[in-house]
Amino acid sequence: MTAANQGRPLPAAPRFSLRPALLVPVLAVAFAAGVGLLLIAMIGVSVPKAIAAFVEGAFGSPFALAASLNRSSVFALVGFGFVLANRANLTNVGGEGQIAVGGIAATAVALYGHVSGLPLGLAFILPTLAAVIAGALWGGFAAVLKVKSGTNEVISTLLLSFIGIWLLYWSVQSPLLLRKPMTSSATLPESLEIPEATQLPLLTGDYSFPVHIGLPLTLVLAIVVGVILSRTILGFRLRVVGLNPVAANRAGISYAKTVIFALSTAGAFGGLAGALMLLGEQYTLKDGFSSGYGFDGLVAGLLSRGSIPGVIAASLLFGFMRSGGINMEMVAAVPTALVAVIQGLIVITLAGAALFIEKWEGQ
Amino acid sequence: MTWELFAVFLGSSIRLATPLLLAGIGEMVSERAGVLNMSIEGMMLMSAFAAAVGAWATGDPLVGLLIGIISVVPVSLLQAFLSNTLRANQIVSGIGINILVLGATTLAYREIFGARSRAEIPGLAKVKPPLLGDIPGIGNAVFQQVWLLYAGIALIAITALVLRYTSLGLAIHAAGAEPKAVDKSGLSVTRIRYGCVLFAGFMASLAGAFLSIGDIHTFTEGMTRGAGYLAIASVIFGKWRIGGTTLACLLFGAATALQFQLPALGISVPNALLIMLPYLLALLAVGGLVGRQMAPATLGEPYRR
Chain A
0 MTAANQGRPL
10 PAAPRFSLRP
20 ALLVPVLAVA
30 FAAGVGLLLI
40 AMIGVSVPKA
50 IAAFVEGAFG
60 SPFALAASLN
70 RSSVFALVGF
80 GFVLANRANL
90 TNVGGEGQIA
100 VGGIAATAVA
110 LYGHVSGLPL
120 GLAFILPTLA
130 AVIAGALWGG
140 FAAVLKVKSG
150 TNEVISTLLL
160 SFIGIWLLYW
170 SVQSPLLLRK
180 PMTSSATLPE
190 SLEIPEATQL
200 PLLTGDYSFP
210 VHIGLPLTLV
220 LAIVVGVILS
230 RTILGFRLRV
240 VGLNPVAANR
250 AGISYAKTVI
260 FALSTAGAFG
270 GLAGALMLLG
280 EQYTLKDGFS
290 SGYGFDGLVA
300 GLLSRGSIPG
310 VIAASLLFGF
320 MRSGGINMEM
330 VAAVPTALVA
340 VIQGLIVITL
350 AGAALFIEKW
360 EGQ
Chain B
0 MTWELFAVFL
10 GSSIRLATPL
20 LLAGIGEMVS
30 ERAGVLNMSI
40 EGMMLMSAFA
50 AAVGAWATGD
60 PLVGLLIGII
70 SVVPVSLLQA
80 FLSNTLRANQ
90 IVSGIGINIL
100 VLGATTLAYR
110 EIFGARSRAE
120 IPGLAKVKPP
130 LLGDIPGIGN
140 AVFQQVWLLY
150 AGIALIAITA
160 LVLRYTSLGL
170 AIHAAGAEPK
180 AVDKSGLSVT
190 RIRYGCVLFA
200 GFMASLAGAF
210 LSIGDIHTFT
220 EGMTRGAGYL
230 AIASVIFGKW
240 RIGGTTLACL
250 LFGAATALQF
260 QLPALGISVP
270 NALLIMLPYL
280 LALLAVGGLV
290 GRQMAPATLG
300 EPYRR
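Chains as they are written, first to last, in numbering that gives the first Met the number 0: chain A, 0 to 362; chain B, 0 to 304.
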C-alpha cells in the first residue's frame with residue numbers, strides 16, 4: 000500500500016468542503032439505511048413503528064439524547080486515534096482491546112488506588128490517566144513489534160484486542176483481581192461500583208440529562224488533533240512517514256519514533272474512551288465491557304477519510320444509531336444486529352468507492 | 000499425564016486445529032497470489048450459519064455442508080471484486096465484510112431460531128480409518144474424527160502438490176511475487192487472483208461448516224470468535240508455506256485443547272488465560288519469530304495494468 004503512493008506528489012491535507020469525498024459517504028449511508036428499512040419490513044415489523052422506536056431511543060428524551068452523545072464521544076475518541084495513526088499509513092484496528100485495558104486500569108485505580116479523597120478532581124483524573132497510559136502501552140506494543148520485526152500492525156492490534164478482551168474477562172472473574180468480594184455463590188462476576196468521587200462529573204449535575212465532561216473533552220481533543228495533523232511539524236512527519244518511510248528516514252525523520260508515537264497515541268485515545276465508558280456511564284466493570292465500541296470507532300475513522308469533522312459526523316451518526324437500535328430492539332423487536340448490517344454496508348460501499356473518489360478528486 | 004489422556008489431548012488438538020487449518024491453507028494460497036482476505040472470519044461465520052440452518056431445515060448434514068459452501072460464494076466474489084476490480088483497500092473491505100456478516104447472521108439467526116434457542120442440529124458423521132483407527136489405546140481417541148477432517152487433509156495435500164508441481168502453482172506464486180511478469184506472459188493477474196480468493200472462500204466455508212455441523216452441532220452468534228484472524232496469523236507464522244502453516248494451526252489447536260485438558264488433570268489455571276493462549280501465541284509468532292522478507296512481494300496491493 001505504501002508503494003502505491005510512492006512517486007506521487009504530497010497531496011494536500013484533506014479539507015472539509017462539498018466534494019465527492021463528502022458526497023459519497025452521504026450516499027453510502029443513505030443506501031445502507033435504505034437496506035436497513037427493507038430488512039425491517041422483511042422481518043415483518045411495521046416500518047413506521049420501528050422508526051418511531053428508533054427516534055425515541057436516539058433523541059426522544061433528554062436522557063436518550065445524553066446517552067447518544069456520551070456514546071458518540073467514545074466513538075469519536077477511537078476515531079481520532081485511528082485517523083492520527085492512519086496519517087502515517089498505520090491501521091489501528093485494536094480499539095476494542097485498548098478500551099478494555101483502559102477500563103481495567105481505570106477500575107483498578109478508582110477502586111484500589113486510594114484516590115477518592117483527593118482534591119481538585121484528581122479522584123477521577125488519576126483513573127483516567129491510568130486508562131490513557133494502559134491504552135498507550137497496548138497500542139505502543141504493536142508499534143514496537145512493527146519497528147522491531149516488521150509485524151503488520153493490523154494483525155498485531157487485532158490479536159492484542161482479543162488478548163485485552165480476555166484479560167478483562169479474567170479480571171472480573173477472579174476475586175484476586177477486580178471481582179467484587181464473593182458473599183454468596185450468586186455474586187455476579189463484576190467489579191464493585193466505583194466511589195462517587197471517582198465518577199466523571201455531569202455537565203448539568205442532573206441525572207435526567209447525564210452528559211458527562213467527556214463530551215467537552217472530546218471536542219477539545221478534536222481541535223488538538225486537527226491542529227497537530229494540519230498545522231504542526233509532527234503532523235507533517237506522520238504524513239511523510241506514511242507516504243514514503245525511506246524518504247522520511249533520508250530526511251532525518253525517524254521511522255521508528257514516528258510509528259511508536261502514532262500507534263501509542265492511537266492506543267491512548269482508545270484507553271481514554273474506555274475511561275469515559277467506565278467512569279462516566281457504567282461505573283462497574285463487567286464482561287463484555289467494550290461492547291464493540293472499538294469497532295464502531297474504527298468504522299467512524301475509516302468513514303472520515305482522514306478528516307476530523309468527518310470523524311465527528313460519523314461518530315454522532317453511530318452514537319444515535321446505537322441508541323436508536325437498542326430501543327428498536329426493546330420496543331419494536333428489531334434485533335440490534337441490524338445496526339451492524341448497516342455499518343458493514345457503509346464500510347464496504349466506501350471501500351469500493353475509494354477509487355472513484357480519488358479519480359474524481361484528482362481531476 | 001497418562002497415555003489415555005494424552006491421546007484424548009492429541010485428538011482434540013487435531014479437531015480444534017481443523018477449522019484453522021482449512022481456512023489457513025485457503026488464505027495462504029490467496030496471499031501467495033497477493034490478496035489478503037481479512038474477510039476469512041466473515042466467510043467462516045457465513046458458512047457456519049448457513050450450514051447449520053441447512054442441516055437443521057433438511058435434516059441432512061450433507062445438504063447443510065453444500066449450502067454452507069454455496070453461501071460463501073457471494074461473499075468471496077464480493078471480496079474479490081472489491082480487492083481486484085475496484086482496487087479497494089483489502090483490510091478495510093475485509094473488515095467491512097466481517098461486520099456485515101456478523102450482523103446479517105445474527106439477525107437471520109434470531110429470525111429463524113429465536114433469541115435463545117438450542118435447536119438440535121444434525122451433524123456430519125464421524126469415521127475411523129482402518130489400521131490407524133484400530134491402534135489400541137489411541138485409535139478411538141485420536142482417529143475417530145468427522146470425515147470432513149480427512150477430506151480436508153486430502154484437499155490440503157492436493158493443494159500442496161498443485162502449488163509445487165503444476166504451472167498453475169507457478170502462476171499463483173508469480174501473481175503475488177511478480178504480477179507484471181505474469182501479465183506480460185499473457186496470463187491474467189486478475190483472473191488468477193479472483194480464482195485464489197474464491198478458493199480461499201471455499202476452504203473457509205469448509206472451516207465454518209466444520210465448526211457448526213462438524214464439531215459442536217449448534218450455531219451461536221458470532222461463533223467464530225476470531226478463528227479467521229488466527230488462521231491469518233498461522234499463515235504469517237508458517238511463512239506462507241503449507242508445512243509451516245499446518246504446524247502453526249496444530250499449535251493453536253493444542254493451545255485451545257489445553258482449556259479442556261488441564262482441568263481434567265487437576266491443574267487449575269484461570270480459564271481466561273487458557274482461552275487467551277492461542278491469541279498470545281499467535282502474537283508472539285507474528286511478532287518475534289518471523290522475518291519481514293518472507294511475505295509475497297505484492298501482498299495487499301491491488302494490481303494495476
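Where a beta carbon is used, it is the ideal one built from N, C-alpha and C, also for glycine.
{"query": "Check the C-beta distance from Leu278 (chain A) over to Leu199 (chain A) and give it rounded, since I have them as a contact under 8 Å.", "result": "5 Å"}
{"query": "Buried or exposed: which applies to Phe15 (chain A), given that a residue is buried once 16 or more other Cβ atoms fall within 10 Å of its Cβ?", "result": "Because Phe15 (chain A) carries a pLDDT of 47, less than 50, the predicted location of this residue cannot be relied on, and the following value inherits that uncertainty. Under this definition Phe15 (chain A) is an exposed residue."}
{"query": "I want to see whether chain A comes within less than 8 Å of Ala118 (chain B), judged by CB atoms only; does it?", "result": "no"}
{"query": "So, under 8 Å CB-CB, Val74 (chain B) and Ser38 (chain B) are touching, yes? Tell me the CB distance rounded to an integer number of Å.", "result": "7 Å"}
{"query": "Mapping the DSSP letters down to three states, classify Val268 (chain B) as helix, strand or coil.", "result": "coil"}
{"query": "For the segment 183 to 260 of chain A, which segments carrying the alpha helix (DSSP H) assignment without a break, of at least 4 residues, lie completely within its bounds, in sequence order?", "result": "213 to 230, 232 to 242 and 244 to 249"}
{"query": "Determine which residues share a DSSP beta bridge with Val126 (chain B) and list them.", "result": "B:Gln144"}
{"query": "Along the chain, which unbroken stretches of the beta strand (DSSP E) at least 3 residues long are found entirely within the segment 20 to 98 of chain B?", "result": "none"}
{"query": "Using a Cβ-Cβ cut-off of less than 8 Å, give me the residues of the segment 320 to 343 of chain A that come near chain B, in sequence order.", "result": "Pro334, Ala336, Leu337, Val338, Ala339, Val340, Ile341, Gln342 and Gly343"}
{"query": "Of the residues that make up the segment 65 to 88 of chain B, which ones have a beta carbon closer than 7 Å to any beta carbon in chain A?", "result": "Leu81, Leu85, Arg86, Ala87 and Asn88"}
{"query": "Report buried or exposed for Val226 (chain A), applying the criterion of at least 16 other Cβ atoms within 10 angstroms of its Cβ.", "result": "exposed"}
{"query": "Can you say whether Ile134 (chain B) is buried or exposed, counting buried as having 16 or more other CB atoms within 10 angstroms of its CB?", "result": "exposed"}
{"query": "For Thr90 (chain A), which residues in the same chain have their Cβ closer than 7 Å to its Cβ, ignoring the five residues on either side in sequence?", "result": "Glu152 and Val153"}
{"query": "Against Val153 (chain A), what residues of chain B qualify as contacts under a CB-to-CB distance less than 7 Å, listed in chain order?", "result": "Ile90"}
{"query": "Helix, strand or coil for Lys285 (chain A), going by three-state DSSP, please let me know.", "result": "strand"}
{"query": "Under 8 Å between C-beta atoms, does Thr17 (chain B) make it to chain A?", "result": "no"}
{"query": "For the alpha helix (DSSP H) containing Thr106 (chain A), name the first residue and the last one.", "result": "Gly94 to Tyr111"}
{"query": "Establish whether the CB of Gln172 (chain A) and some CB of chain B are separated by less than 8 Å.", "result": "yes"}
{"query": "Where does Leu158 (chain A) sit, in a helix, a strand or coil, going by DSSP?", "result": "helix"}
{"query": "Quick one: using the 10 Å Cβ neighbour count with 16 as the cut-off for buried, is Ser12 (chain B) buried or exposed?", "result": "buried"}
{"query": "Using a Cβ-Cβ cut-off of 7 Å (strictly less than) and excluding sequence neighbours within five positions of Gly10 (chain B), which residues of its own chain qualify?", "result": "Ala140 and Val141"}
{"query": "Can you give me the Cβ contacts of Gly241 (chain A) inside the same chain, cut-off strictly under 6 Å, excluding the 5 residues immediately before and after it?", "result": "Arg86, Ala87 and Asn88"}
{"query": "Please identify the residue among B:Thr219, B:Lys127 and B:Ile155 whose C-alpha is closest to the C-alpha of Phe201 (chain B).", "result": "B:Ile155"}
{"query": "Does any residue of chain B have a CB that is nearer than 8 Å to the CB of Gly305 (chain A)?", "result": "no"}
{"query": "What in chain B is Cβ-close to Leu83 (chain A), meaning under 7 Å?", "result": "Near Leu83 (chain A) there are no residues of chain B at all, since even the closest Cβ is about 17 Å away, more than 7 Å."}
{"query": "List the residues of chain B whose Cβ lies closer than 9 Å to the Cβ of Ala49 (chain A), in chain order.", "result": "Under the 9 Å cutoff, chain B gives no residues; its nearest Cβ is about 13 Å from Ala49 (chain A)."}
{"query": "How about Gly225 (chain B): is its C-beta nearer than 8 Å to some C-beta of chain A?", "result": "yes"}
{"query": "Can you tell me whether DSSP reads Met181 (chain A) as helix, strand or coil?", "result": "coil"}
{"query": "Taking a contact to mean a Cβ-Cβ separation below 8 Å, would you say Val28 (chain B) touches Phe236 (chain B) in this structure?", "result": "no"}
{"query": "Does the beta-carbon of Ser183 (chain A) have 16 or more other beta-carbons within 10 angstroms, so that it is buried, or is it exposed?", "result": "exposed"}
{"query": "Count the other C-beta atoms from every protein chain shown that fall within 10 angstroms of the C-beta of Ala142 (chain A), then say buried if there are 16 or more, exposed otherwise.", "result": "buried"}
{"query": "Can you give the Cα-Cα distance for Met276 (chain A) and Ser72 (chain A), rounded to whole angstroms?", "result": "9 Å"}
{"query": "Name the residue from A:Pro61, A:Val92 and A:Phe58 whose alpha carbon lies nearest to the alpha carbon of Gly291 (chain A).", "result": "A:Val92"}
{"query": "Check each candidate in A:Glu189, A:Ala65 and A:Lys358 and name the one with the smallest Cα separation from Tyr282 (chain A).", "result": "A:Glu189"}
{"query": "Could you give the residue range of the alpha helix (DSSP H) that holds Ile134 (chain B)?", "result": "Counting along the chain, Ile134 (chain B) falls outside any alpha helix (DSSP H), and DSSP gives it neither H nor E."}
{"query": "Hey, how far is the Cα of Ala173 (chain B) from the Cα of Ala353 (chain A)?", "result": "27 Å"}
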